[in-house]
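Numbering (the numbering used here), first residue to last: 80 to 461.
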Amino acid sequence: NKEEEMSSMVEASTGKPPVTHDSIVNLDHGDPTMYQAFWRGTGDRATIVIPGSQTMSYFSDVAGFCWFLEPQFETEVRRLHRLVGNAVEEGYHVLVGTGSTQLFQAVIYALSPAADGAPMNVVSPAPYYSSYPSVTNYLTSGLYRWAGDANTFNGDNCIELVCSPNNPDGGIRKAVIKSGRAVHDLAYYWPQYTAITEAANHDIMLFTVSKCTGHAGTRLGWALVKDKEVALRMIKFIELNTIGVSKDSQLRAAKILRAVCNGYDLSPAVEANRLFHFARRQMVERWNKLLAVVAATGIFSLPDELPGYCTFFKDTIASTAPFAWLRYEKEDIDDLEGFLREKKIMARGGTRFGADGRVVRVSMLDTDEAFNVFIERLASLI
Ligand code: PMP
Numbered sequence: 080n081k082e083e084e085m086s087s088m089v090e091a092s093t094g095k096p097p098v099t100h101d102s103i104v105n106l107d108h109g110d111p112t113m114y115q116a117f118w119r120g121t122g123d124r125a126t127i128v129i130p131g132s133q134t135m136s137y138f139s140d141v142a143g144f145c146w147f148l149e150p151q152f153e154t155e156v157r158r159l160h161r162l163v164g165n166a167v168e169e170g171y172h173v174l175v176g177t178g179s180t181q182l183f184q185a186v187i188y189a190l191s192p193a194a195d196g197a198p199m200n201v202v203s204p205a206p207y208y209s210s211y212p213s214v215t216n217y218l219t220s221g222l223y224r225w226a227g228d229a230n231t232f233n234g235d236n237c238i239e240l241v242c243s244p245n246n247p248d249g250g251i252r253k254a255v256i257k258s259g260r261a262v263h264d265l266a267y268y269w270p271q272y273t274a275i276t277e278a279a280n281h282d283i284m285l286f287t288v289s290k291c292t293g294h295a296g297t298r299l300g301w302a303l304v305k306d307k308e309v310a311l312r313m314i315k316f317i318e319l320n321t322i323g324v325s326k327d328s329q330l331r332a333a334k335i336l337r338a339v340c341n342g343y344d345l346s347p348a349v350e351a352n353r354l355f356h357f358a359r360r361q362m363v364e365r366w367n368k369l370l371a372v373v374a375a376t377g378i379f380s381l382p383d384e385l386p387g388y389c390t391f392f393k394d395t396i397a398s399t400a401p402f403a404w405l406r407y408e409k410e411d412i413d414d415l416e417g418f419l420r421e422k423k424i425m426a427r428g429g430t431r432f433g434a435d436g437r438v439v440r441v442s443m444l445d446t447d448e449a450f451n452v453f454i455e456r457l458a459s460l461i
């Protein structure tokens, strides 16, 4: 049948080998394949068909503020924020990028160089998302440079990346440098990961469909930007970098976000249509399994996270971070990544995040098969 045929194509399209009981389980990347189970159930409500004659022009909205932004995508982004209550959208420019990875580069371009013409320092408190240093430095730009841990940064001029909840450790963060320009990476500020405690209203906020709905392959992110001049510089960057952003992806993302919003607005009683409820349940189940096995091993620890009142779920909920920041508590191993690798578990070592080697980041967003094999292997260390 058509549905099965489509879902097997989807599965094939991950290009990842199946996880078996003796293969390496790769939880190094935060590949959000966990969400496939939800989207398999949505059928045509999230499907789009694009005729050969459409989306051919470079332009989406020539008269608009951002000429390559599809109006339908902007409409659904604003609607989603109003539904979830995680960010203020009124009074903000919406920009679109090829993943929030491109928008991150557009932001550091827009805010650089420093006032004296020297390269702008880009910092974030350790442990920080491992892509921040590599993406900042890969072109050895004269406009900006990675300057490391914000907690030990000495100086006035900087861009501080504030990732909250934080990749890798799930912490809720505020800017630590008062004189810096803060860029808020809110990729994980969604109710499946953490309590929504306020509608964020920072100057520059980055979001991505990758971690919200799981459509990482669509490569779409968006920014909410208050200041017009900053937004125009970001648009300029994307114009120079890729002459806009795939319209096909924007139309698909618009349809996906519309399906999410409709799931709550049109059929709130139908459990199978509520993405955040599905994802939350899944995350709670996974975290309960992980916490139990970590307690049983007696050799690992996880960060303490206090529960908070979530205005979206209207309930007090524990945080269920997208990554487990797993620390080895004994002295005999310095390279936890290497140790777990021998046990056929691939995770990303702490040194990549500005931390030490006794801690690793493990993705909590992979398939059920991969996650369950990971839990079995941890349990075998008891
Ligand atoms: N920010 C954070 C904190 C992330 O973890 C990721 C993805 N790992 C991104 C940004 C990039 O997401 P995208 O797929 O939209 O480029």
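Note that beta-carbon positions come from the ideal geometry of N, C-alpha and C, so glycine has one too.
>> Taking 8 Å as the threshold (C-beta atoms), are Ser243 and His263 in contact?
In response: yes
> How should Ser203 be labelled, buried or exposed, when 16 other C-beta atoms within 10 angstroms of its C-beta is the threshold for buried?
Replying inline: It counts as buried.
> Just to confirm, are Glu408 and Phe379 a CB contact at a threshold of 8 Å?
Replying inline: Note that the C-beta distance between Glu408 and Phe379 is below 8 Å.
> Relative to the ligand PMP, what is the chain-ordered list of residues with a Cβ closer than 6 Å to any of its non-hydrogen atoms?
Replying inline: Gly109, Gly178, Ser179, Thr180, Tyr208, Cys242, Asn246, Asp264, Ala266, Thr287, Ser289, Ala295, Gly300
> What's the C-alpha gap between Asn105 and Arg119?
Replying inline: 23 Å
> Out of curiosity, what's the CA-to-CA distance linking Glu153 and Val173?
Replying inline: 7 Å
>> Give me the DSSP bridge partner(s) of Thr399.
In response: Under DSSP, Thr399 takes part in no beta bridge, so it has no partner.
> When you compare each of Phe402, Leu345, Trp301, Trp366 to Phe432 by their alpha carbons, which one comes out closest?
Replying inline: Phe402
> Are Gly178 and Trp404 touching if we call contact CB-CB under 8 Å?
Replying inline: no
> Can the beta-carbon of Trp301 be found closer than 8 Å to that of Phe316?
Replying inline: Result no, Cβ atoms of Trp301 and Phe316 do not sit closer than 8 Å.
> Roughly how many whole angstroms lie between the Cα atoms of Arg427 and Ala142?
Replying inline: 45 Å
> When DSSP labels each residue in this structure, what does Ser380 get in the three-state scheme?
Replying inline: Reduced to three states, the DSSP call for Ser380 is strand.
> With DSSP run on the structure shown, which of helix, strand or coil describes Ser86?
Replying inline: With a pLDDT of 49 at Ser86, under the threshold of 50, the predicted position of this residue should be treated as unreliable, though the coordinate-derived value follows. Correct three-state label for Ser86: helix.
> Taking contact to mean at least 3 C-beta pairs separated by less than 8 Å, is the stretch 106–118 in contact with the stretch 130–147?
Replying inline: no
> DSSP on Ala302, reduced to helix/strand/coil?
Replying inline: strand
> Does DSSP classify Trp146 as helix, strand or coil?
Replying inline: Note: Trp146 maps to coil in three-state DSSP.
> Which runs of the beta strand (DSSP E) fall wholly inside the stretch 163–214 and span at least 3 residues, in chain order?
Replying inline: 172–177, 199–203
> If you run the structure through DSSP and keep just helix, strand and coil, what is Met313?
Replying inline: helix
> Taking the Cβ atom as the reference point for each residue, do Val372 and Leu354 lie within a distance shorter than 8 Å?
Replying inline: no
> How long is the line joining the alpha carbons of Arg298 and Asn200, rounded to whole angstroms?
Replying inline: 27 Å
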